[in-house]
Structures are given as C-alpha cells and as structure tokens.
Amino acid sequence: MDEQQIIDGLKPICQCQGIKKRRFLEHIAAGITSVAALKAATGAGQGACQGKRCTPRITELLSALDSHPASISQ
Ligand code: FES
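Under the working numbering, the first residue of the sequence shown is numbered 2, with each subsequent residue one higher.
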C-alpha cells in the first residue's frame, strides 16, 4: 500500500459517525457489496443526518469500484 492509498483510506465517508473509506473497503473486500449491507456493517447512516450525506458517497464508492475493481485495496 502506497502513501496515497493510506491518505485516501482516511477520507471520511460517514462524517456523522467518523467512519473512514478504509473501513468500507475492508468490508467490500470481505464480500459486502450493497449500500444497505455496508451501512449495517459499518454503522454508517445512523448519525445526525440519518445517511443523507453518506449514502450518496457509499453509492459512489461502489460505482467507482464496479468500474475499477482493482482499486479495492486497503
Ligand atoms: S454522514 Fe453518515 S449518518 Fe450523517
């Protein structure tokens, strides 16, 4: 893992709950690939905004990985 991947993994996906991209990538690598299942596994979407901010980010992350599956690195 290079420095850029480490920095990228520290980007927040769910700001309310303080859940970073890396945590989502770990679950995706383990086979969890739906928005609902990722939210359940990470606790995202249960913060003050109730997922209004993070749900689109999770969807974007899954779409990006669909296009570039090799980018699933932790
Ligand atoms: S950003 Fe995830 S619940 Fe608000």
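Beta carbons are placed, not taken as given, at the ideal position from N, Cα and C, and that holds for glycine.
- Residue of 56, 24, 57 minimising C-alpha distance to residue 43: 24
- Task: Below 8 Å CB to CB, which residues in the same chain sit around residue 49 once its five sequence neighbours on both sides are set aside?
- Result: 17
- Message: Are there any heavy atoms of the ligand FES lying less than 8 Å away from the beta-carbon of residue 22, as far as the coordinates show?
- Response: no
- Message: Helix, strand or coil, according to DSSP, for residue 76 in the structure here?
- Response: One cannot answer for residue 76 here, as it falls past the ends of the chain, which runs 2 to 75.
- Cβ-based neighbour list, residue 54, same chain, cut-off 8 Å, excluding 5 preceding and 5 following: 15, 16, 17
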